[in-house]
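Residue numbers (this note's numbering), protein chains in the order written: chain A, 93 to 523; chain B, 93 to 523.
Don't be surprised by glycine CBs; every beta carbon is placed ideally from N, CA and C.
There are 2 protein chains.
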Amino acid sequence: MGRTYIEDLSQHVGDEVQLHGWLYNKRSSGKIRFLLLRDGTGLLQGVMVKGQVDEAMFALADELTQESSFMMQGRVRKDDRAPGGFELDVTGLKIYQIAKEYPITPKEHGIEFLADRRHLWLRSARQHAIMRVRHRIIKAIRDFFDGRGFTLVDSPILTPAACEGTSTLFETPYFDLGSAFLTQSGQLYAEAGAMALGKVYCFGPTFRAEKSKTRRHLTEFWMVEPEVAFNDLNDNMDLAEEFLEYIVQSVLKDRGPELKALERNTAKLESVRKPFPRISYDEAVAILAKKGVAFEWGNDFGGTDETLISEEFDRPVMVHRYPSAVKAFYMKRDPLNPKVALAVDVLAPEGYGEIIGGSQREDDLDLLLQRIDEHRLPREAFEWYLDLRRFGSVPHAGFGLGIERTVSWICGLEHIRETVPFPRMIYRLTP
Amino acid sequence: MGRTYIEDLSQHVGDEVQLHGWLYNKRSSGKIRFLLLRDGTGLLQGVMVKGQVDEAMFALADELTQESSFMMQGRVRKDDRAPGGFELDVTGLKIYQIAKEYPITPKEHGIEFLADRRHLWLRSARQHAIMRVRHRIIKAIRDFFDGRGFTLVDSPILTPAACEGTSTLFETPYFDLGSAFLTQSGQLYAEAGAMALGKVYCFGPTFRAEKSKTRRHLTEFWMVEPEVAFNDLNDNMDLAEEFLEYIVQSVLKDRGPELKALERNTAKLESVRKPFPRISYDEAVAILAKKGVAFEWGNDFGGTDETLISEEFDRPVMVHRYPSAVKAFYMKRDPLNPKVALAVDVLAPEGYGEIIGGSQREDDLDLLLQRIDEHRLPREAFEWYLDLRRFGSVPHAGFGLGIERTVSWICGLEHIRETVPFPRMIYRLTP
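Right under this line is the structure:
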């Protein structure tokens, strides 16, 4: 008899199967023992009746403590009242290990207590649900690009120079070559990829050594960055909205039980359908003014501003044409108004803030050189990047989506630390 | 008229289309201009005939230099002699930029010259083919695990301690917490994931600050690491062979033209079918002895040894039960012979060496503590990992596959530096 997983039980109704996992919970009721087994794919209640198994076997059930590992054998019975739709009439047990004093009990624990035990906390139903949604989001992202002719171009993590200044970079000695910096963004490399392969994306961990201690910041986070040759700002927004719709609808389709376990209001996700509203920075500023916020034209939006703007809409809102002074050197300025850059930020609904930042890129060599000088960046470090404007420069655009913020939004979480298996923050590097 | 890509031309035979890209090559023959356009998805020859377009347009064709960016409009014609099966009868041209003196010419260049221009070198047909095979390999890996109920559990890059000693680690200051080290392997975290989610994999960049200057070593490389609760060494080998077969057959199925461009002998890949031979370390040593190699029992195999062993087989060979002294502390010893660990390395054919390393893990708390002490590792750093043996320990096993070595093998490359868009080696951190 081979191993069976809980998520596959619908194919085994009436069969005798063996399930392997850990005790999530148990109850006793006279001559009956209810054993709730988790195996990583779901939860299953096993029902053991005294007299129907031998005495020694029945006694084993009483030895099981929370998180003890065991094999449970029995016949699968359909039961619509059971959480997963099935129960097991237990005929056999085998204990692997009795766990002693598992530290995470059903009572409430403080967040630092749980975070210190992240390797165990991941076993809880809530964390389990988040990880499965995270995985589904990442799969949707890759499926989206793979299905549209994009080529994956992994950008390097170890880089010789900063993309956007050096103050918030992790630095490591690198043999005889001085220092290497951990990447903040793969974009510049993705641009080289787009000139070679047309439509590309990079997808990997990125790093910011920012001293931000907010519920939206991690020092290590994953980012996907598509880049498309011959795309302009409008194409970029078309891509971003199609992309976000695809992600959200994929999760809704395949992760209903997980969203339910997280008590997520899915109606708010159902409405994430294109077209998304597209407003200019000026229009966003007008919304703030209407709400009585003293906001000066030319500044970047803060978290509260983003929430106030996004509250006006039932789906993500795309804010375009930001003041070029607050945006990165590589963003192309609007030919109709050089004070603004052809940038777009996508703000998630429900106060989840910016989840996408992107732009059309400056494709003119001389203008790009000028920007690099204005931003006081070392020209030598960008010689290779400038080559992209020397040899067959073309209009192109792209954006970056932060995975953890997206997970936070789709799962409806209060803090980003739950969105990743082992979060890294300025005050946390363990476990 | 929208943008069309070369790879989609089969749907547009007889249509007038616009293609955007770069000049890969051109030829003149009297009143005809042959323009070879690359757009990242393929190559297409445009044929422009004097008199069929206006004079100014015809003159534009002569301005185009290698890697100049342009739009080419015309009618798609099926032509079985053409590389992709189609040609374009050109009716219009629009130039974006004339590239001046593109440094990479059809003549031979030295490897350092090309490596310094990696951002441009990626545009060559050969590099293009490698990147597309790399992408297909990565997609096959994710599809394999996603389709078999595994959950992705991204392990952290920034870690507080070393998995296998600290001498080959990149180190960065981390706020008030001292130093962080770049991960060498996500395995220990994947084990925590497997106890929570049953079947998991992590897949991300890993780092080794090794001073190895061989054709097989990068300082930054991607690794996928599955880990499965309740799997033993045999299950682990079953998984590894099914996995490798799936990867190779997926590439053969979908990347035939790329393998052809790389002049890969695909017969050698066709034979990568399970079952793979499984031999013990002792049997591998016997092969070396038979070939007259002076090899002492207890040592690890070197590159040359691996080649001599793998030469005996037409597909990957799985070598199991290595001397425990040369293997990591977390590997379980064989109960039948504690001198050997329940480890398995998979050696690729054709001298490509080890592409998979894995093992069943030590699941006994006391034995694991003993190994940590024997390896002189700091016990405090592993307290969280030891928790996995305290609270519901189970037999489990997993392995790691190095992506770049796999790309190297499947593409038939001589050096690993071509397997990744922007390689990092001890003497190279740019571009």
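**OP:** Determine the DSSP secondary structure at B/M93, reduced to helix, strand or coil.
**Re:** coil
**OP:** Below 8 Å CB to CB, which residues in the same chain sit around A/E362 once its five sequence neighbours on both sides are set aside?
**Re:** L344
**OP:** Using the Cα positions of A/R463 and A/Y422, report the straight-line distance between them to the nearest angstrom.
**Re:** 7 Å
Subject >> Simplified DSSP state of B/T358, which is helix, strand or coil >> reply: coil
Original post:
Any Cβ of chain A within less than 8 Å of the Cβ of B/K231?
Top reply: yes
**OP:** Just mark A/M223 as buried or exposed, buried being the case when its beta carbon has 16 or more other beta carbons within 10 Å.
**Re:** buried
Subject >> Contact with chain B by A/M329, beta-carbon distance below 8 Å >> reply: no
Subject >> Reference B/S372; option with closest CA among B/N391, B/L351, B/H412 >> reply: B/H412
**OP:** Give me whichever residues DSSP pairs with B/N391 in a beta bridge.
**Re:** In the DSSP output, where bridge partners are listed per residue, B/N391 has none listed.
**OP:** Taking only the alpha-carbon atoms, compute the straight-line gap between B/L185 and B/A151 and give it to the nearest angstrom.
**Re:** 10 Å
Original post:
Excluding sequence positions up to five away, which residues of its chain have a Cβ less than 7 Å from the Cβ of B/T275?
Top reply: S247, P248, I249, T251, T298, F299
Original post:
Counting contacts by CB-CB distance shorter than 8 Å, is A/F393 in contact with chain B?
Top reply: no
Subject >> Neighbouring residues, chain B, relative to A/E263 (Cβ below 8 Å) >> reply: T264, P265
Original post:
Any C-beta of chain A sitting closer than 8 Å to the C-beta of B/V486?
Top reply: yes
Subject >> Nearest neighbour of B/A489, chosen from B/R471, B/Y97, B/M287 [CA to CA] >> reply: B/M287
Subject >> Cut-off 7 Å between Cβ atoms - residues of its own chain near B/P265, not counting five sequence neighbours on either side >> reply: S271
Original post:
For A/R234 and chain B, any beta-carbon pair shorter than 8 Å?
Top reply: yes
Original post:
Short check: CB of B/L480 to CB of A/H211, under 8 Å?
Top reply: yes
Original post:
In chain B, what lies closer than 8 Å to A/E312 by C-beta?
Top reply: P248, I249, L250
Subject >> Classification of A/A376 by the beta-carbon crowding that lies within 10 angstroms, buried from 16 upward >> reply: buried
Original post:
Taking Cβ-Cβ distances shorter than 7 Å, what residues in chain A pair up with B/S161?
Top reply: G484, S485, V486
**OP:** Take the Cβ of B/F205 as the centre, count every other Cβ of all protein chains shown within 10 Å, and call the residue buried at 16 or more, exposed below.
**Re:** exposed
Original post:
How big is the Cα-Cα spacing for B/T183 and A/G395?
Top reply: 52 Å
Subject >> DSSP state of A/L344 mapped onto helix, strand, coil >> reply: helix
Original post:
From the beta carbon of A/H309, is the nearest beta carbon of chain B less than 8 Å away?
Top reply: no
**OP:** Would you mind telling me which residues of chain B sit closer than 7 Å to A/V245, beta carbon to beta carbon, in chain order?
**Re:** M223, P513
Original post:
Hey, is B/D172's beta-carbon within less than 8 Å of any beta-carbon in chain A?
Top reply: no
Subject >> Interface residues of chain A facing B/E99 [CB-CB closer than 7 Å] >> reply: G241
Original post:
Is the Cβ of A/Y212 closer than 8 Å to any Cβ of chain B?
Top reply: Correcting the residue type first, residue 212 of chain A is Leu in the shown sequence and not Tyr. Yes, because at least one Cβ of chain B sits closer than 8 Å to the Cβ of A/L212.
**OP:** Take A/G134 and list the residues in its own chain whose beta-carbon comes closer than 6 Å to its own, dropping the five residues that flank it on each side.
**Re:** I98, E99, G176
**OP:** Please report the Cβ distance between A/D181 and A/R169, rounded to the nearest whole angstrom; I am assuming they are in contact, meaning their Cβ atoms lie under 8 Å.
**Re:** 6 Å
**OP:** List the endpoints of the continuous alpha helix (DSSP H) containing A/M149.
**Re:** 147-155
**OP:** Give me the Cα-Cα distance between A/A433 and A/G390, rounded to the nearest whole angstrom.
**Re:** 12 Å
**OP:** Could you list which residues in chain C have their beta carbon closer than 8 Å to that of B/D374, in chain order?
**Re:** The question asks about chain C, but that chain is absent: this structure's protein chains are A and B.
Subject >> Whole-angstrom C-beta distance between A/S216 and A/A191, which should lie under 8 Å >> reply: Contact doesn't hold; Cβ gap of about 15 Å is too wide.
Original post:
For chain B, is any of its Cβ atoms less than 8 Å away from the one on A/H227?
Top reply: yes
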